[in-house]
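Here the sequence shown stands for residues 587 to 1250, where the numbers follow this note's numbering.
Cβ coordinates follow ideal geometry from the N, Cα and C atoms, glycine included.
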Amino acid sequence: MKIFSKINIPSISFLYNKESSEEFIKKSTQKLITEKITSGFIYRQTIFNSATDVKITIFTRTFDDFPDAVEWITEIENCGDRKTSIIEDIMPLDMMIPAEKDEKILLHHAKGSQCRMDDFLPLTTELFPSSKVILAPEGGRSSNGVLPFMNVQKSGCGIILGVGWSGQWKAEFNRDDSGIHIKAGMEKTHLFLHPGEKIRTPSILIIEWNGDDFEKGNNLLRQLLLKHYIPKIKGKPVNPPAAQCLQSYFYLTGKAGETIEMTALKKAATIGIDTYWIDACWYGGKGDWWQEVGSWVINEEKFPNGLKPIADASHKAGMKFLLWFEPERVRKNSIIHKEHPEFLLINKEDSGNFLLNLGMPEALNYIKNLVSDYISNIGIDIYRQDFNIDPLPYWRAADADDRQGITEIRYIEGLYKLWDELIQQHPNIAIDNCSSGGRRIDLETISRSLPLWPSDFLDICGLNTGHGVYTGSQCIKAGLARWIPLFGGGAWNFTPYGFRSVIIGGFTFGFNIDDKYFPSDDEKKIKTWEYILSHGKTLLDNDFPLDLVKSAINEWKTIKEFFTGNFYLLLPLTISYHDWCAWQFHREDLDSGIAVFFRRHESPFPAIETSLREVKPDQDYDVSISPDFTEKPRKRIKGQKLLNLKITIRQSPGSVLLRYSHIK
587 MKIFSKINIP SISFLYNKES SEEFIKKSTQ KLITEKITSG FIYRQTIFNS ATDVKITIFT
647 RTFDDFPDAV EWITEIENCG DRKTSIIEDI MPLDMMIPAE KDEKILLHHA KGSQCRMDDF
707 LPLTTELFPS SKVILAPEGG RSSNGVLPFM NVQKSGCGII LGVGWSGQWK AEFNRDDSGI
767 HIKAGMEKTH LFLHPGEKIR TPSILIIEWN GDDFEKGNNL LRQLLLKHYI PKIKGKPVNP
827 PAAQCLQSYF YLTGKAGETI EMTALKKAAT IGIDTYWIDA CWYGGKGDWW QEVGSWVINE
887 EKFPNGLKPI ADASHKAGMK FLLWFEPERV RKNSIIHKEH PEFLLINKED SGNFLLNLGM
947 PEALNYIKNL VSDYISNIGI DIYRQDFNID PLPYWRAADA DDRQGITEIR YIEGLYKLWD
1007 ELIQQHPNIA IDNCSSGGRR IDLETISRSL PLWPSDFLDI CGLNTGHGVY TGSQCIKAGL
1067 ARWIPLFGGG AWNFTPYGFR SVIIGGFTFG FNIDDKYFPS DDEKKIKTWE YILSHGKTLL
1127 DNDFPLDLVK SAINEWKTIK EFFTGNFYLL LPLTISYHDW CAWQFHREDL DSGIAVFFRR
1187 HESPFPAIET SLREVKPDQD YDVSISPDFT EKPRKRIKGQ KLLNLKITIR QSPGSVLLRY
1247 SHIK
């Protein structure tokens, strides 16, 4: 069934001086220009209202290899010589999907990141007749609490919706007798435009899919993002790294510096690490890292020779060099606060933190030049941008009553310009989008960056949950993989169970912590993260388990080619310690893949039955099932057995890795 044939794509709505956009457009002239590009078509639709001198331009993009996908961005411009009337409730997506009265409609979506064990947990909400669902993030960061990707499942078909806005968006799903009314855009717009002023809206992505399996839609999204959105360097997608970082060692000991980093770096290169990562320990004076953002000067006491020797040593060892920044948050009494207070947005409820106004050209150029100089002078390969503040109260405090939304719009435009110009100036740079761990993941950031740290639960925050840190890692990684193809994460333990819990995509580690030092469920209030870390081992320790970690990384290297394939949850994803977790990646081009099974630490069930996806029942496959990092001998079996699969794990917690390869 085709949905697009029954709706108008793209479909926008707004109010102009309280008049509906439908009436506004009826009184306007329209023009369409079509341009063929390498990957598809660009359609530029202009709507000009001569009575108001307001021009609306919709840039629509289609894809030759994804014929049921379409993306668009809307711009609104005042072409006159006087300010416009109020334009409000701007929704770049406003459409109706037909549905029968008794038709079951499901909305598949996901939690966002909030430093919780259940970050990115899949959710399904039934859209009953006369029901309404509103999704929106918290505080102005696009995936803070809610992921801006959704899947509406009808009978025999559905649509994927992606919202590209790294600020405060919303999506509404309202079902009535005629179908499902879907609206998406910025949460709040109520503003006039000055003469010559132009604004843009969130971008909207729609993908239609057909069939009864909603995961088909999710995998179309994954493949579309991989081929047309994920950043590329020299024509190849940027892959998440296997990285070493001593930030948690800095948290524990307060120690950081060139000698420490060089010692760890030499060992990191021997165990398969491909990126050396320095986080928030390199700048400012003697204060806490949190208190010194805005003072972007290398700490000469810790790094008397600067950071270039460490970057050079990384490159010499065959590794990339990653460096952390947090340019948007500015602390009171920092260098930027003292020298450029005019660059800062204020929130009266938080006198210690300011927001660098990326919507101000002078502030944007200042921080762009600062970061660009560091990239050039040090030799940074991956620029990591953190963002540990909710910007929404700063934006809204700066808006006049008749300009609500303008500060956010200009800020988000500035953010995109910052990243675009850094990439233009440094074509080989990769950008890591952190934002308190995965709180700014959306269509626009994905097209410029990768989230290498998708949740702060993967940081020291999750350690005192004991084995819950593995459960959380499984949920975060598998939950996000349902929507996004490439991202990173954090590893604390290199047993097969511990490491496989974070194996999807890339990973970063600083410590290996033996299971016995993680608190039991009864000890969670007793064993602090400091206690747990103090019993861990880093590359600075002579008794760090180099061979174990090397074996784990080698396994990751043998299977990472499958992370770009189709992804399936083989069991419902939960954070219950009693449940199993299982997922699969399948490469259609190879008719091969992997599946990983986890029996969690309180699961009473030694075995589960499940079915792999996309395998052909009459096809021969070579299959191995390995509880340890050493792959077991492969056996040739028919695909039918993989469709009726029983997996046994006698140890709790425990895991197995199943590999299967098509036999030609």
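Grab me the residues of residue i's own chain with a C-beta within less than 7 angstroms of its C-beta, minus the 5 sequence neighbours each way, in chain order.
{"i": "K906", "result": "P827, D860, T861, S900, D967 and I968"}
{"i": "D650", "result": "S625 and G626"}
{"i": "L553", "result": "Residue 553 cannot be examined here, being either before or after the span of the chain that is shown, 587 to 1250."}
{"i": "S1178", "result": "Y1246, S1247 and H1248"}
{"i": "M587", "result": "Bear in mind that a pLDDT of 45 at M587, under 50, signals an unreliable position, so the number given afterwards is only what the model happens to contain. So the qualifying residues of the chain are G742, C743 and N796."}
{"i": "R1026", "result": "R727, S728, S729, S752, F973 and N1019"}
{"i": "N603", "result": "S671 and I672"}
{"i": "V749", "result": "P734, W755, A757, A770, P788, I790, D1028 and L1029"}
Less than 8 angstroms between the beta carbons of residue i and residue j, yes or no?
{"i": "D1028", "j": "S728", "result": "yes"}
{"i": "F911", "j": "D972", "result": "yes"}
{"i": "D1107", "j": "G1052", "result": "yes"}
{"i": "L1307", "j": "I1070", "result": "The question about residue 1307 has no answer, for the chain in this structure spans 587 to 1250."}
{"i": "G731", "j": "V738", "result": "no"}
{"i": "H1251", "j": "I961", "result": "No statement about residue 1251 is possible, as the shown extent of the chain runs from 587 to 1250 and does not include it."}
{"i": "M863", "j": "I884", "result": "According to the sequence shown, residue 863 is Trp rather than Met. Their beta carbons are not under 8 angstroms apart, which means W863 does not touch I884 by this criterion."}
{"i": "P947", "j": "P1082", "result": "no"}
{"i": "D988", "j": "F778", "result": "yes"}
{"i": "I628", "j": "F645", "result": "yes"}
{"i": "G1058", "j": "G1074", "result": "no"}
{"i": "A1138", "j": "L1156", "result": "no"}
{"i": "T839", "j": "D675", "result": "no"}
{"i": "I766", "j": "A685", "result": "yes"}
{"i": "P823", "j": "L1072", "result": "yes"}
{"i": "W1142", "j": "I1046", "result": "no"}
{"i": "I785", "j": "L679", "result": "no"}
{"i": "C1061", "j": "M736", "result": "no"}
How is residue i classed by DSSP in three states: helix, strand or coil?
{"i": "L1036", "result": "strand"}
{"i": "K617", "result": "strand"}
{"i": "K592", "result": "Per-residue confidence for K592 stands at a pLDDT of 48, beneath the threshold of 50, marking its modelled position as unreliable; no derived number is given."}
{"i": "P901", "result": "Note that residue 901 is His in the sequence shown here, rather than Pro. In the structure shown, H901 sits in a helix (DSSP, three-state: H, G or I)."}
{"i": "D1018", "result": "strand"}
{"i": "Q561", "result": "There is no way to answer for residue 561, as the model of the chain reaches only from 587 to 1250."}
{"i": "D1206", "result": "strand"}
{"i": "S1241", "result": "strand"}
{"i": "W875", "result": "helix"}
{"i": "R727", "result": "coil"}
{"i": "R808", "result": "helix"}
{"i": "L607", "result": "Reading off the sequence shown, one finds Ser at residue 607, where the question assumed Leu. Three-state result, S607: helix."}
{"i": "E1174", "result": "coil"}
{"i": "D1042", "result": "helix"}
{"i": "F634", "result": "strand"}
{"i": "Y862", "result": "strand"}
In terms of residue numbering, what span does the alpha helix (DSSP H) encompassing residue i cover?
{"i": "V1135", "result": "L1132 to I1145"}
{"i": "A949", "result": "P947 to Y960"}
{"i": "I846", "result": "E844 to A854"}
{"i": "I922", "result": "I921 to E925"}
{"i": "T643", "result": "That residue, T643, is in no alpha helix (DSSP H); its beta strand (DSSP E) goes V640 to F649."}
Leaving out five residues on either side along the sequence, give the residues of the same chain with a beta carbon under 6 angstroms from the beta carbon of residue i.
{"i": "G938", "result": "K918"}
{"i": "V994", "result": "One point to set straight first is that residue 994 is Glu, not Val, in the sequence displayed. These residues qualify, in order along the chain: G753 and W981."}
{"i": "A655", "result": "F649, I793 and L810"}
Tell me which same chain residues have a C-beta within less than 8 angstroms of the C-beta of residue i, skipping the five on either side of it?
{"i": "P715", "result": "K687, R761, D762 and D763"}
{"i": "N891", "result": "E844"}
{"i": "T849", "result": "L1125 and L1126"}
{"i": "Q1226", "result": "P1203 and D1204"}
{"i": "F1097", "result": "S834, Y835, W1078, L1119, G1122, K1123 and T1124"}
{"i": "P1131", "result": "F1080, N1098 and K1123"}
{"i": "E783", "result": "E663 and N664"}
If I follow the unbroken beta strand (DSSP E) through residue i, where does it start and stop?
{"i": "L941", "result": "N939 to L942"}
{"i": "W981", "result": "Segment L978 to A984 is the alpha helix (DSSP H) holding W981; no beta strand (DSSP E) there."}
{"i": "P653", "result": "F652 to N664"}
{"i": "V738", "result": "F735 to Q739"}
{"i": "Q553", "result": "With the chain represented from 587 up to 1250, any question about residue 553 goes unanswered, as that position is not in the structure."}
{"i": "Q754", "result": "Run containing Q754: none; DSSP gives neither H nor E here."}
{"i": "H1187", "result": "Note, H1187: premise wrong, no beta strand (DSSP E); not H, not E."}
{"i": "L1231", "result": "L1231 to T1234"}
{"i": "F836", "result": "Per DSSP, F836 belongs to no beta strand (DSSP E); it is in the alpha helix (DSSP H), Q833 to T839."}
{"i": "E794", "result": "S789 to N796"}
{"i": "I884", "result": "Looking at the DSSP string, I884 is not in any beta strand (DSSP E), and its letter there is neither H nor E."}
{"i": "S599", "result": "S599 to Y602"}
Along the chain, which unbroken stretches of the beta strand (DSSP E) at least 3 residues long are found entirely within the region 1064-1116? Taking 3 residues as the minimum length, the beta strand (DSSP E) runs contained wholly in the region 1064-1116 are 1093-1095, in order along the chain.
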